[in-house]
Amino acid sequence: MSMRTVARTPFPARHELGTGKLHNRYPSIADLEARAYARLPRFAWDYLAGAAGDETGLAHNRSAYDGVGFTPQYLCERRAADTRTTLFGRSFAYPFGVAPVGQSGLVWPRSAEYLAAAAKRADIPFCLSMVATTGIERIGEIAGANAWFQLYPLRDPGVTRSVLQRVRAAGFSALIVTVDTPAGRRTLRDRRNGLSLPPRLSLANIARMFGHPAWLASSAVTGIPRFETLLPYMPKGADATGVIALTQTLIARGIDAKGLEAVRALWDGPMIVKGPLGVEDARVCQAIGIDGLVVSNHGARQSESLVSPLHVLRRIRDAVGESLCVGVDSGVRSGLDIARALALGAQFVLLGRAFMFGVAALGAAGAQHATELLALELEQAMGQFGCFELADLPARLAPDSAAATRIASSRQS
Ligand SMILES: Cc1cc2nc3c(=O)[nH]c(=O)nc-3n(C[C@H](O)[C@H](O)[C@H](O)COP(=O)(O)O)c2cc1C
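Below is the structure:
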């Protein structure tokens, strides 16, 4: 199925959500994850599913969600749940979107294109990573204003200016600056696999590729994945596809308030900062006129010791009030989790691995299916709890969930 064909299939009407065949074979993101595991060569699976250090951060992110429960209200007038929301001046059908994923073509060829098309179809945001293997212009064609662009701080302001001009010209509607990568990370599985882009052709990796014919066939068609957005800025003579060249020459180690202000001056649209976990950082963003935050620990990929975003979300929301639109990510695997995050104060939710599991499992159809699953689960959760507007969710939070989360937040920040 080609991406263009997929983009034309309409998103199911509310009463049809959940009726397609895939809903029986893959009734949850966990089912897509299991199929993704079977379809990916080891190095690609490890890159997607792995995390930093001893990887305990993954379980912490999950358990934060598992502990959040609801008290439903049944004896009330019932109507269909309204999931529409306005984010940064634009209306979206659902309050969740696709998080930025770098080196996306290594996991599954054209995954960014498939996800951008699925996001456009569902009318949700799609965030393109600056280090994805599909470039700005291609995603602009597919997703238009549904696309948000994620920038890592760059060393050269001239390159930043040029990238942002392209982002604007391609019709993206918001900019995300990721600030949580000031130090190199230790993702041990990637080390053991000798992970690189393009994949290193060691005997072990070649054997792994041949053991996964669907991945190999797709990769053979699309060719070697490259950092399309950054190719024009790679220094002459550098390995044009290499991660090392990229990080050593283009991407800065972290950013401070002055640096953020400089980016702010170059971008006149909505600007979101991804990665703050503490009130101080959130206040810095507020002071320099940032429009939104994604409270995130990068899916536990930077360090296993970073606090779970869900535990600090409420505290950050309280600190910045209504002046910033606050989203969250890390550990979200279902529409129910999205409801949990909204109940605890998030205005939107991003998901990284959940969407990529869909693509790795089923290609373009998997991108769509993951989107439908999350939409269906969110609507069902809202119906079950007696919430007909997104804004009703906080009132249904079970008292012990709210208390537990508040205690955690005051201890950890
Ligand atoms: C394979 C992979 C690559 C990622 N690359 C980026 C990236 O390029 N830029 C970024 O801001 N975040 C990146 N992230 C982090 C995600 O945007 C998001 O914060 C994280 O996946 C959320 O956790 P979840 O996977 O549990 O949903 C990446 C995550 C994964 C899994």
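Start counting at 1 in the sequence shown, then tack on 59, and there's your number in this note's numbering. Just so it is clear, CB atoms sit at the ideal spot from N, CA and C, and this is done for glycine as well. These numbers were taken from a predicted model, which means no experiment stands behind them.
(Q) Spatial neighbours of tyrosine 153 within its chain, please: C-beta separation below 6 Å, excluding the five flanking residues on both sides. (A) Counting only residues of its own chain and dropping the five nearest sequence neighbours on each side, tyrosine 153 has a CB closer than 6 Å to the CB of Thr142, Ile183 and Ala434.
Q) Does ligand 1 have a heavy atom nearer than 8 Å to the CB of arginine 312? A) Every heavy atom of ligand 1 is 8 Å or more from the Cβ of arginine 312, so no.
Q: Inspect the CB distances between the segment 278 to 285 and the segment 155 to 168 and report whether three or more fall short of 8 Å.
A: Result yes; three or more Cβ-Cβ pairs closer than 8 Å.
Q | Other residues of its chain near cysteine 446: CB distance less than 7 Å, five sequence neighbours each side excluded | A | Cβ contact annotation for cysteine 446 (same chain, cutoff 7 Å, sequence separation greater than five): Ala140, Leu452 and Arg455, in chain order.
Q: Tell me whether leucine 262 sits in a helix, a strand or coil according to DSSP, three-state version.
A: Of the three classes helix, strand and coil, the one that applies to leucine 262 here is helix, per DSSP.
Q) So, do the segment 105 to 114 and the segment 340 to 354 have three or more beta carbon pairs nearer to each other than 8 Å? A) These segments do not touch.
**Q.** Beta-carbon separation (whole angstroms), valine 22 vs valine 236, contact threshold 8 Å
**A.** As displayed, the chain neither begins before 60 nor continues past 472, which places residue 22 out of reach and without an answer.
Q. Across which residues does DSSP place phenylalanine 102 in a beta bridge pair?
A. Per DSSP, phenylalanine 102 has no beta-bridge partner at all.
Q: Taking isoleucine 235 as part of the beta strand (DSSP E), name the residues at either end of that continuous run.
A: Note, isoleucine 235: beta strand (DSSP E), 233 to 237.
**Q.** N- and C-terminal bounds of the beta strand (DSSP E) containing valine 353
**A.** Unbroken beta strand (DSSP E) run through valine 353: 351 to 354.
Q: Could you say which of Gly337, Ala111 and Arg267 lies nearest to arginine 250 if we only look at CA atoms?
A: Among Gly337, Ala111 and Arg267, the Cα nearest to that of arginine 250 is on Ala111.
Q. Going along the chain, which residues of its own chain have a beta-carbon closer than 7 Å to the beta-carbon of glycine 442, five neighbours each way excluded?
A. Excluding its 5 nearest sequence neighbours in each direction, glycine 442 has C-beta neighbours in its own chain below 7 Å: Ala140, listed in chain order.
Q: Run the proximity test for histidine 357: is its beta-carbon closer than 8 Å to any non-hydrogen atom belonging to ligand 1?
A: Histidine 357: yes, Cβ under 8 Å from ligand 1.
Q: Take the Cβ of aspartate 315 as the centre, count every other Cβ of all protein chains shown within 10 Å, and call the residue buried at 16 or more, exposed below.
A: Label assigned to aspartate 315: exposed.
Q. Within 10 angstroms of its Cβ, does proline 458 collect 16 or more other Cβ (buried), or is it exposed?
A. Around the beta carbon of proline 458, fewer than 16 other beta carbons lie within 10 angstroms, which makes this residue exposed.
Q | Beta-carbon gap between serine 122 and serine 393 smaller than 9 Å | A | Taking 9 Å as the cut-off, the Cβ atoms of serine 122 and serine 393 do not count as close.
Q. Using the rule of at least 16 other Cβ atoms within 10 Å of the residue's Cβ for burial, across every protein chain shown, is arginine 267 buried or exposed?
A. Burial call: buried.
Q) aspartate 237: beta carbon under 8 Å from a heavy atom of ligand 1? A) It should be noted that the sequence gives threonine, not aspartate, for residue 237. Threonine 237 has its CB nearer than 8 Å to a heavy atom of ligand 1.
Q. Applying the criterion that 16 or more other CB atoms from any shown protein chain within 10 Å of the CB defines a buried residue, is glycine 161 buried or exposed?
A. With at least 16 other beta carbons inside 10 angstroms of its own, glycine 161 counts as buried.
Q. Around the C-beta of glutamine 361, are 16 or more other C-beta atoms found within 10 angstroms, so that it is buried, or is it exposed?
A. Taking all protein chains in view, the Cβ of glutamine 361 is crowded by 16 or more other Cβ atoms within 10 Å, so the residue is classified as buried.
Q.
If you reduce the DSSP assignment to three classes, tell me which class lysine 179 lands in.
A. Here lysine 179 carries a helix assignment [DSSP, helix/strand/coil].
**Q.** For threonine 308, three-class secondary structure by DSSP
**A.** Here threonine 308 sits in helix by DSSP.
Q. Would glutamate 136 be called buried (16 or more neighbouring beta carbons within 10 Å of its own) or exposed?
A. Counting C-beta atoms within 10 angstroms of its own C-beta, glutamate 136 has fewer than 16 neighbours from the protein chains shown and is therefore classed as exposed.
**Q.** Closest by C-alpha distance to arginine 342, when choosing among Trp274, Gly313, Asp327 and Ile375
**A.** Among Trp274, Gly313, Asp327 and Ile375, the Cα nearest to that of arginine 342 belongs to Ile375.
Q.
For the structure I just gave you, are there three or more beta carbon pairs, one from the segment 199 to 216 and one from the segment 73 to 90, closer than 8 Å?
A. Touching, no, given that fewer than three Cβ pairs across the two stretches are closer than 8 Å.
**Q.** Exposure label - glutamine 427; buried when at least 16 CB within 10 Å
**A.** Taking all protein chains in view, the Cβ of glutamine 427 is crowded by 16 or more other Cβ atoms within 10 Å, so the residue is classified as buried.
**Q.** Same chain, Cβ closer than 8 Å to leucine 99, five either side skipped, listed in chain order
**A.** If we look at leucine 99 and ignore the five residues flanking it on each side, its Cβ neighbours are Leu107, Val166, Trp167, His271, Trp274 and Ala419.
(Q) Please report the distance separating the alpha-carbon of aspartate 327 from that of glycine 230. (A) Using only the alpha carbons, I get a separation of about 13 Å.
Q: Less than 8 Å between the CB atoms is what I'm expecting for glycine 351 and isoleucine 331, so what's the real figure, rounded?
A: Contact between glycine 351 and isoleucine 331 holds: their C-beta atoms lie close to 4 Å from each other, under 8 Å.
(Q) The alpha helix (DSSP H) that contains serine 221, what's its start and end? (A) Looking at the DSSP string, the run of the alpha helix (DSSP H) that includes serine 221 is 216 to 228.
(Q) Distance check for phenylalanine 102 and glycine 425, CA to CA, integer angstroms please. (A) Per the coordinates, the alpha-carbon of glycine 425 lies some 21 Å from the alpha-carbon of phenylalanine 102.
Q) For the segment 185 to 209, which segments carrying the beta strand (DSSP E) assignment without a break, of at least 3 residues, lie completely within its bounds, in sequence order? A) DSSP runs (the beta strand (DSSP E)) wholly in the segment 185 to 209: 185 to 188.
Q: Could you tell me which residues DSSP pairs with valine 157 in its beta bridges?
A: Partner(s): Phe185 and Leu410.
Q. Just how far apart, CA to CA, sit threonine 430 and phenylalanine 286?
A. Cα-Cα distance, rounded: 26 Å.
**Q.** alanine 89 versus alanine 97: straight-line alpha-carbon distance, rounded
**A.** Straight-line spacing of the CA atoms in alanine 89 and alanine 97 works out to 13 Å.
Q. What do you reckon, is the C-beta of glycine 425 under 8 Å from a heavy atom of ligand 1?
A. Glycine 425: no, Cβ never under 8 Å from ligand 1.
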